[in-house]
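Participant:
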Amino acid sequence: MLFFYGKVLCTDLPWLQEIGRPRPSRRLPVVLTPDEVVRILGFLEGEHRLFAQLLYGTGMRISEGLQLRVKDLDFDHGTIIVREGKGSKDRALMLPESLAPSLREQLSRARAWWLKDQAEGRSGVALPDALERKYPRAGHSWPWFWVFAQHTHSTDPRSGVVRRHHMYDQTFQRAFKRAVEQAGITKPATPHTLRHSFATALLRSGYDIRTVQDLLGHSDVSTTMIYTHVLKVGGAGVRSPLDALPPLTSER
């Protein structure tokens with residue numbers, strides 16, 4: 001009908017636009033239980049385990065975690081700053097106390113890579129375009145180095161410069177997929193599932209929706225509200241009338 005009025009009769013009917021288009025459906029996100037998270041972590045090792053813990057412990061997106069710089073970790077105040085997240089907005093997240101020792105060890109390993117690059121006269125790490133033009137040497141400084149640095153060098157597709165990049169997205173994705181399979185979890189879990197699980201865990205613990213919205217970096221609270229529906233899965237505590245029936249005496 002929309003096509004007939006709009007394309008054939010060349011008539012614009014706003015009211016028809018409203019009732020004629022079905023609302024886009026929103027699927028409930030996949031969420032892991034705490035036990036499932038532990039099982040997956042048990043099949044991850046080294047930096048991959050730490051990175052998965054960080055995603056679950058902060059709710060950040062995988063791209064935000066990969067792009068963390070040394071200067072973004074504030075151990076004194078227990079915060080992690082996500083720079084230019086989705087929508088080009090910065091936000092502050094909690095630095096999980098239980099991860100602080102492991103993150104300090106990670107920085108020690110990263111510093112060894114940084115010192116090696118300095119000694120070999122390597123190019124500095126990539127910076128946001130505007131910053132790289134204004135401060136071309138900043139990429140050589142320790143504060144701008146990656147928290148999760150790649151162990152090898154690669155060619156920057158933007159400039160053709162051979163430099164050290166952060167951990168590859170695909171590398172972690174593959175490791176996580178293997179861990180999910182080894183843990184015997186049949187849910188279609190991906191690294192982004194850790195973010196969903198973080199949000200659901202906070203709401204289940206009693207944190208208000210606005211707090212969760214800020215931590216996730218959602219511009220619209222309606223996006224965050226989807227997690228309240230996850231908590232209601234299974235009847236929201238309603239007892240099925242079938243369970244109230246007396247036991248059957250025999251089968252027929």
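First residue of the sequence shown: 1, per the UniProt record's numbering; consecutive thereafter.
Note that the Cβ used here is the ideal one computed from N, Cα and C, for glycine as well.
On a predicted model such as this, the values are computed, not experimentally measured, just so you know.
1) Helix or strand or just coil, what does DSSP make of Trp15?
2) Looking at chain C, is there any beta carbon in it that lies within less than 9 Å of the beta carbon of Ala110?
3) According to DSSP, simplified to helix, strand and coil, what is Gln67?
4) Under the DSSP definition of a beta bridge, which residues are partnered with Val82?
5) On the three-state DSSP scale, how would you describe Thr152?
6) Which residue marks the beginning of the alpha helix (DSSP H) containing His192, and which one marks its end?
7) What first and last residue would you give for the alpha helix (DSSP H) that runs through Val212?
8) Should Thr155 be labelled buried (16 or more other beta-carbon atoms within 10 Å of its own) or exposed?
9) Starting from Val38, trace the alpha helix (DSSP H) in both directions and tell me its first and last residue.
10) Is Val70 near Ser197, with beta carbons less than 9 Å apart?
11) Just mark Trp15 as buried or exposed, buried being the case when its beta carbon has 16 or more other beta carbons within 10 Å.
12) Quick one: what does DSSP say Leu248 is sitting in, helix, strand or coil?
13) Note the first and the last residue of the continuous beta strand (DSSP E) segment covering Val221.
14) Does the Cβ of Met60 have 16 or more other Cβ atoms within 10 Å, making it buried, or fewer, making it exposed?
15) Going by DSSP in three states, Leu99 sits in which element: helix, strand or coil?
Facilitator: Checking against the coordinates, here is how it stands:
1) Any reading at Trp15 must be qualified, since the residue scores a pLDDT of 49, below 50, and its modelled position is unreliable; no value is offered.
2) The chain labelled as chain C is not found in the depicted structure, where only one protein chain is given.
3) Per DSSP, reduced to three states, the secondary structure at Gln67 is coil, with no helix or strand assignment.
4) Arg91, per the DSSP bridge assignment.
5) Strand, per DSSP.
6) 191-204 is the span of the alpha helix (DSSP H), which, as asked, contains His192.
7) Counting along the chain, the alpha helix (DSSP H) containing Val212 begins and ends at 209-216.
8) Exposed, by the Cβ-count rule.
9) Membership of Val38 in the alpha helix (DSSP H) is indicated by the continuous run 34-42.
10) No, these two residues do not count as a Cβ contact at 9 Å.
11) Summary for Trp15: the model assigns pLDDT 49, below 50, so the residue's position carries little reliability, and this model does not support an answer.
12) Collapsing the DSSP output to three states places Leu248 in coil.
13) In this chain, Val221 is not harboured by any beta strand (DSSP E); it is covered by the alpha helix (DSSP H) spanning 221-231.
14) Met60 should be labelled buried.
15) Here DSSP, grouped into helix, strand and coil, assigns Leu99 to helix.
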